[in-house]
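K.L.:
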Amino acid sequence: MSSKRLYKIVKTFLEYGLDELLPEKYLPWYIKIARSSLFWLRNKHRDKPKAQRFRLAIESLGPVFVKFGQMLSTRRDLLPEDFANELTLLQDKVPAFAGEEAEKIIIAAMGAEIFEAYFKDFDLTPLASASIAQVHTATMINADDEQEVVLKVLRPNIAQTILADINVMSVFAKIVARWLPDGKRLRPVEVVAEYEKTILEELDLNREAGNAIQLKRNFSQGRDSDKVLYVPEVYSEYCSKNVMVMERIYGIGVGEVDTLQANNVDMKLLAERGVEVFFTQVFRDSFFHADMHPGNVFVNATNPADPTWIAIDYGIVGTLNREDKRYLAENFVAFFNRDYRKVAQLHVDSGWVPSDTSVDEFEFAIRTVCEPIFNKPLSEISFGQVLVNLFNTARRFNMEVQPQLVLLQKTLLYIEGLGRQLYPALDLWQTAKPFLENWVKEQMGIKAVYKKVKDNLPFWNEKLPEIPDLVYDYLKTNREAQRLQLMSLKQIQSQQQKHSKQMTKLVVIATLAICLTISFT
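Our numbering numbers the first residue of the sequence shown as 91 and each following residue consecutively.
(1) What are the uninterrupted segments assigned as alpha helix (DSSP H) that are 4 or more residues long and contained completely in the region 161-222, given in chain order?
(2) Where DSSP assigns a beta bridge to Thr409, which residues make up the other side?
(3) Measuring only the C-alpha atoms, how far is Ala202 from Thr229?
(4) If contacts are defined as beta-carbon pairs under 8 Å, then Gln499 and Leu477 qualify, I think. What distance do you get, rounded to the angstrom?
(5) From the DSSP output, in three-state form, read off Met489 for me.
(6) At which residues does the beta strand (DSSP E) containing Gln142 begin and terminate?
(7) Drop a sphere of 10 angstroms on the beta-carbon of Ile148, count the other beta-carbons inside from all chains shown, and report buried for 16 or more, exposed for fewer.
(8) Taking all protein chains shown into account, do 16 or more other C-beta atoms lie within 10 angstroms of the C-beta of Lys46, making it buried, or fewer, making it exposed?
(9) Please return the same chain residues whose Cβ sits closer than 6 Å to the Cβ of Val71, not counting the five positions on each side in sequence.
(10) Looking only at its own chain, which residues have a Cβ that is under 6 Å from the Cβ of Thr349, when we skip the five neighbours before and after it?
(11) Have a look at Ala419, Ala401 and Thr567 and flag the residue whose alpha-carbon is nearest the alpha-carbon of Ser376.
(12) Contact between the region 353-369 and the region 513-523 is defined here as three or more beta-carbon pairs at a separation below 8 Å; is this criterion met?
(13) Under DSSP, the beta strand (DSSP E) around Lys287 begins and ends at which residues?
(14) If we count the other Cβ atoms within 10 Å of its Cβ and call it buried at 16 or more, is Asn421 buried or exposed?
(15) So, with DSSP's three-state summary, where would you put Met357?
(16) Pick from Phe487, Glu413, Tyr404 and Thr178: whose alpha carbon is nearest that of Leu305?
(17) Taking the straight line between their C-alpha atoms, what separation do you get for Leu508 and Pro467?
(18) Consult DSSP for His226 and reduce its assignment to one of helix, strand or coil.
(19) With which residues is Ile342 paired in a DSSP beta bridge?
(20) Grouping DSSP H, G and I as helix and E and B as strand, with all else coil, what is Glu337?
(21) Hey, quick one: how far does the alpha helix (DSSP H) through Thr102 stretch, first residue to last?
(22) Please go through the same chain and pick out, in chain order, the residues whose beta-carbon is closer than 7 Å to the beta-carbon of Glu453, but skip the five residues on each side of it.
(23) Looking at the secondary structure, which residues open and close the alpha helix (DSSP H) in which Gln435 lies?
(24) How many angstroms separate the CA atom of Val318 from the CA atom of Ile339?
(25) Which residues in the same chain have their Cβ closer than 7 Å to the Cβ of Tyr504, if we skip the five residues on either side of it in sequence?
(26) Ile400 lies in the beta strand (DSSP E); which residues open and close that run?
(27) Kindly indicate which three-state DSSP category Lys331 falls into: helix, strand or coil?
(28) Are Phe525 and Phe369 closer than 7 Å when you measure CB to CB?
(29) List the whole-angstrom C-beta distance separating Asn332 from Leu295, where the pair is believed to meet the contact cut-off of C-beta under 8 Å.
(30) Could you have a look at Lys466 and say whether DSSP puts it in helix, strand or coil?
(31) Straight-line CA distance for Glu105 to Gly152?
(32) Decide if Gln520 is buried, meaning its Cβ has at least 16 other Cβ atoms within 10 Å, or exposed.
(33) Between Glu337 and Glu323, how many whole angstroms is the CB-CB distance? I'm expecting something under 8 Å.
(34) Alpha carbon to alpha carbon, how far is Ser330 from Glu171? Give it in angstroms, no decimals.
(35) Measure the alpha-carbon distance for Glu490 versus Trp442 and round it to whole angstroms.
(36) Taking 7 Å as the threshold (C-beta atoms), are Val243 and Ile195 in contact?
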């Protein structure tokens, strides 16, 4: 761990007065000494609220801390509401690195001959620049045509920078876990470890290319959802760990509401399609884009009456297994039917909370926290906030952190926020309820049983000839086990009889000895 970087972080936190967040009586002696030795770095931003100071400090510490803050903004179980809201304002502003250096990285990755033969008009000025990578435009030359593409290039030495900052975060996480009253409950060490896993996965552009290909396949032509979400083509033959090549897309940023309205886009349909995109990914495909913030979503408004979402940046994706999907869908349906007993029981059945959890107490806690939500019209209820409240309550009953559900919660908050920004009257539950109810019916009805049998037919066709042999082997083994057990019982009985005879002899001998002794005396 770099002492210079550690000094920079401590200095920044003191300059923004964030030491005020640490309870004096719980601080270890070495933290108190470090703070005293830097007395001249006292709070220079006293006029700003603590939450704003926290956000500004994180922004000044660079991209790794910014991305960590963005992740924390979705973990409202860990932070006060004002801090979580402030962190949503974090901006990933990073100066671009030289285009010449990006070109060198690309040539080293794919080879000079391939780059010169298949790419031209490479723009040294980046189209976009972010904390981990930046994007340049070019033209790709095919056998019979030319294609506009973008080349995403990882920043030089970014892995070392990330690991250095994560090491510092880990140190602070251990201090928080050890010394703050709520340290263990907040699980800061696990939160940093989760962030490390997520951000390191973003450093492999081959992996991101695979995610994009999978997402495009899921929303490919010929399926009902092919007009809902468009995923640009990835040219995997030119991709590597630090370079990704894909089709260039044109669209209106989903956050540019005025521009969308000026283009006469059907805002209600666009918002509802965002909800459809989310639930289709989660419940149909079990594979979802988990970083759908406004910077990663565009709109194809070529046909304003039939707009299409366009997603980019596939470094973070989430998956759900069949059981998680079933419990999640049933939870949503039960919750909006205000069946809190079922919600509590589902959490226990799924293993999200310990099996010895009192369902009665859990039901009461959920009802107390969530019932006030229904005082609002359904169109004003936040689906994402429902999940936040539900998981916060569950954590009081020792619910373990479920990484896949954290990503899901974050994605839902993004989608819902975008939907309400596009169309404030969006009734997300009205849009989602038929989808969820149909999915549950498909998974549990006669069709689901038929599908399961049909899917397993190849397995049973393969195993059917083996069944007689398996039955014979089982019966033979069982008969042999019974024979051995019978022999064992007989041996035990024989030993007991032998032991009993020996004891009888000993008693007789002892009695005779006593009698002889008495006679001689």
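Note that the Cβ used here is the ideal one computed from N, Cα and C, for glycine as well.
P.N.:
In this structure, then:
(1) 171-177, 189-200 and 202-208
(2) Locating residue 409 in the sequence shown gives position 319, counting from the first residue. Partner(s): Phe377.
(3) Numbered from its first residue, the sequence shown carries residue 202 at position 112. Numbered from its first residue, the sequence shown carries residue 229 at position 139. Taking the straight line joining both Cα atoms gives about 16 Å.
(4) Residue 499 sits at position 409 when you count from the first residue of the sequence shown. Residue 477 sits at position 387 when you count from the first residue of the sequence shown. About 5 Å separates the two Cβ atoms, so the contact holds.
(5) By one-based count along the sequence shown, residue 489 stands at place 399. Correct three-state label for Met489: coil.
(6) Locating residue 142 in the sequence shown gives position 52, where the first residue counts as 1. Segment Lys140 to Ser150 is the alpha helix (DSSP H) holding Gln142; no beta strand (DSSP E) there.
(7) As a working note, residue 148 is residue 58 in the sequence shown. Burial state of Ile148 is buried, judged by a 10 Å Cβ sphere holding 16 or more other Cβ atoms.
(8) Since the first and last residues shown for the chain are 91 and 611, residue 46 lies out of range.
(9) Residue 71 lies beyond the stretch modelled for the chain, which goes from 91 to 611, so this question has no answer here.
(10) On the sequence shown, residue 349 is found 259 positions in, with the first residue counted as 1. Excluding residues within five positions, the ones whose Cβ falls inside 6 Å are Ile342.
(11) By 1-based counting over the sequence shown, the position of residue 376 is 286. Taking only the C-alpha atoms, the option nearest Ser376 is Ala419.
(12) yes
(13) Here residue 287 refers to the residue found at position 197 when the sequence shown is read from its first residue. Careful: Lys287 lies outside any beta strand (DSSP E), inside the alpha helix (DSSP H) at Pro278 to Glu291.
(14) Your numbering for residue 421 matches position 331 in the sequence shown. Burial call: buried.
(15) The residue labelled residue 357 in the question sits at position 267 within the sequence shown. In the structure shown, Met357 falls within a helical segment according to DSSP collapsed to helix, strand and coil.
(16) Here residue 305 is taken as the residue at index 215 of the sequence shown, counted from 1. Comparing Cα positions, the closest option is Tyr404.
(17) Translated into positions along the sequence shown, residue 508 becomes position 418. Translated into positions along the sequence shown, residue 467 becomes position 377. Whole-angstrom Cα-Cα distance: 19 Å.
(18) In the sequence shown, counting from the first residue as 1, residue 226 sits at position 136. Note: His226 maps to strand in three-state DSSP.
(19) Residue mapping note: residue 342 aligns to position 252 of the sequence shown, counting from 1. For Ile342, which the question treats as bridged, DSSP gives the partners Val389.
(20) Start at 1 with the first residue of the sequence shown, and residue 337 comes out as number 247. Strand at Glu337.
(21) Indexing the sequence shown from 1 puts residue 102 at position 12. Note, Thr102: alpha helix (DSSP H), Ser93 to Glu105.
(22) Residue 453 sits at position 363 when you count from the first residue of the sequence shown. For Glu453, where only same-chain residues beyond five positions count, the Cβ hits under 7 Å are Tyr430, Arg431 and Ala434.
(23) Here residue 435 corresponds to residue number 345 of the sequence shown, with the count starting at 1. For Gln435, the enclosing alpha helix (DSSP H) stretches over residues Tyr430 to Ser440.
(24) Looking up residue 318 in the sequence shown gives position 228. Looking up residue 339 in the sequence shown gives position 249. Going by the C-alpha atoms only, they are around 16 Å apart.
(25) Start at 1 with the first residue of the sequence shown, and residue 504 comes out as number 414. In its chain, beyond the 5 residues on either side, Met382 and His383 have a beta carbon closer than 7 Å to the beta carbon of Tyr504.
(26) In the sequence shown, counting from the first residue as 1, residue 400 sits at position 310. Residues Thr398 to Ala401.
(27) By one-based count along the sequence shown, residue 331 stands at place 241. Three-state DSSP puts Lys331 in coil, outside helix and strand.
(28) Walking along the sequence shown from the start, residue 525 turns up at place 435. Walking along the sequence shown from the start, residue 369 turns up at place 279. Contact flag set, yes.
(29) Numbered from 1 along the sequence shown, position 242 holds the residue referred to as residue 332. Numbered from 1 along the sequence shown, position 205 holds the residue referred to as residue 295. 6 Å between Cβ atoms; contact.
(30) Counted from its first residue, the sequence shown places residue 466 at position 376. Lys466 falls in the coil class under three-state DSSP.
(31) Within the sequence shown, the letter at position 15 stands for residue 105. Within the sequence shown, the letter at position 62 stands for residue 152. So the two alpha carbons sit approximately 16 Å from each other.
(32) Here residue 520 refers to the residue found at position 430 of the sequence shown. Burial state of Gln520 is exposed, judged by a 10 Å Cβ sphere holding fewer than 16 other Cβ atoms.
(33) As a first step, residue 337 is located in the sequence shown; it is residue number 247 there, counting from the start. As a first step, residue 323 is located in the sequence shown; it is residue number 233 there, counting from the start. With a Cβ gap of about 4 Å, Glu337 and Glu323 count as contacting.
(34) In the sequence shown, counting from the first residue as 1, residue 171 sits at position 81. In the sequence shown, counting from the first residue as 1, residue 330 sits at position 240. Roughly 41 Å separates the two Cα atoms.
(35) For the purposes of this step, residue 490 is identified with residue 400 of the sequence shown, where counting begins at 1. For the purposes of this step, residue 442 is identified with residue 352 of the sequence shown, where counting begins at 1. The alpha-carbon atoms of Glu490 and Trp442 are separated by roughly 7 Å.
(36) Position 105 of the sequence shown holds residue 195. Position 153 of the sequence shown holds residue 243. In this structure, Val243 lies closer than 7 Å to Ile195 by Cβ.
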